[in-house]
Amino acid sequence: MTIPALPIDPFCQAFFDDPFPAHAAMRDAGPVVYLPVYDIHAVARYDEVRAMLLDWGSFASARGVGLSDFARETPWRLPSLLLEADPPVHDRTRKLMDRVLAPAAVRALRDGFIQAADRLVDALLERGSFDAIPDLAEAYPLTVFPDAVGMPVENRRFLLPYGNMVFNSFGPRNAWFQAAVADAAPVLDWVQAQSRREALSPTGFGAAIHAAADSGEISVAEAEVLVRSLLTAGVDTTVNGLGASLYCLARFPDAFARLRADPGLARGAFEEAVRLESPVQTFFRTTTRTVEIGGETLDEGRKVLMFLGAANRDPRRWEDPDDYDIGRRSAGHVGFGTGIHGCVGAVLARLEGEAVLGALARKVASIEIAGVPRRRYNNTLRGLASLPVVIRAG
Ligand code: OVV
């Protein structure tokens, strides 16, 4: 058998504007495809994406989860001790982060997160007309998440250009990456400073990470890199998860009516938006040996792109995959990844989703798109830059 080659560039504007025909073409071409534009392989079917996520021994993260192979190129930043590490290095830091972000620790934030969402939705109802991306999808995580980490109130918006840069860095060194680097340059020192113990309140997740340096579990330098992971991966992801939810609820009024009738569906509505829009669209792995994918053989040292967003709409796995069905059993989607690198902050993300969608369900009668939505282009993240809406009180 030969692996089909497809003339698809998954990091260009035409692809970002409408990735779905290319997703289908890759899924239909075979279990693994070759993309000559970047000399990479790719998987887009649910079964193969999931199998790759679970097989960390064959598909390494320590050589980078972007296009760049750390075995050939010097990493452009100090590698993450979670995302860009393999066992056993990975497991020591992951165990610590699992403890810091344990469900019990997140549960303690629940009332505060719900109150913050209620206050924000009340204020937006007063205005009636607003931009759902900056005024809600960005505003909400930018208050509750830095609070939970224990950051000071000033300059929190700096986290957005920083995250935008890192998520762009997993793709090629294209115009979006260059622009994002220029955009983030003024905030790099600030972000670095926020990961230090002195910058963090004694009660947040940041302090909990630094406490592990006291007991000798990790070094102080490692604690700072782990706090950096929170600051990098904790905001843009939930911004785009909430943005996806709002875009879905605005486009599918029947789904919003169903959510209003039963606010208990808020968690399911968020989960389904993460499946359908897949805010994190892709990650790479690197083969550690000759491997087999769906009967095809790949050499050692190959970069393989996993299309999480395509897997989450694979008709081989999902009924009516393009429908936003908030009652669907969406568990098993790979929007948060799965396996040892599965999203460590998913419990927190889901709490944010439940709080915001719950507030909308209880307080808002209608969400109408009131202007042309504008896409935000990023090599890894899918989402909008602008979504003008009008909402009315219920
Ligand atoms: C999942 C993710 C994205 C970006 C950065 C990191 C993790 C990190 O650990 O630094």
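Mapping the sequence shown onto the numbering used here, position 105 (from 1) lands on 85, and the numbers just tick up by one.
C-beta atoms are modelled at their ideal positions from N, C-alpha and C, and glycine is treated no differently.
Query: Beta-carbon separation (whole angstroms), Leu58 vs Val205, contact threshold 8 Å; Result: 6 Å
Query: Beta-carbon proximity check, Ile198 vs Val12, cutoff 9 Å; Result: no
Query: N-terminal and C-terminal residue of the alpha helix (DSSP H) that Met32 is part of; Result: 26 to 34
Query: Residues sharing a beta bridge with Ser366, DSSP; Result: Arg354
Query: Closer than 8 Å: Leu63 CB and nearest the ligand OVV heavy atom; Result: yes
Query: Heavy atom of the ligand OVV within 8 Å of Thr217 beta-carbon; Result: yes
Query: Other residues of its chain near Phe232: CB distance less than 6 Å, five sequence neighbours each side excluded; Result: Tyr304
Query: Ser109 in three-state terms, based on DSSP; Result: strand
Query: For Arg74, the first and last residue of its enclosing alpha helix (DSSP H); Result: 69 to 80
Query: CB contact flag (Thr217, Gly108, <9 Å); Result: no
Query: Local conformation of His313 per DSSP, three classes; Result: coil
Query: Alpha helix (DSSP H) runs wholly inside the region 223 to 257, at least 4 long, in chain order; Result: 233 to 241, 246 to 257
Query: Whole-angstrom C-beta distance between Thr360 and Phe147, which should lie under 8 Å; Result: 4 Å
Query: Ser209 beta carbon near the ligand OVV (any heavy atom closer than 8 Å); Result: yes
Query: Sub-9 Å separation of Lys378 and Thr268 beta-carbons; Result: The question about residue 378 has no answer, for the chain in this structure spans -19 to 374.
Query: C-alpha gap between Ala97 and Val344, whole angstroms; Result: 13 Å
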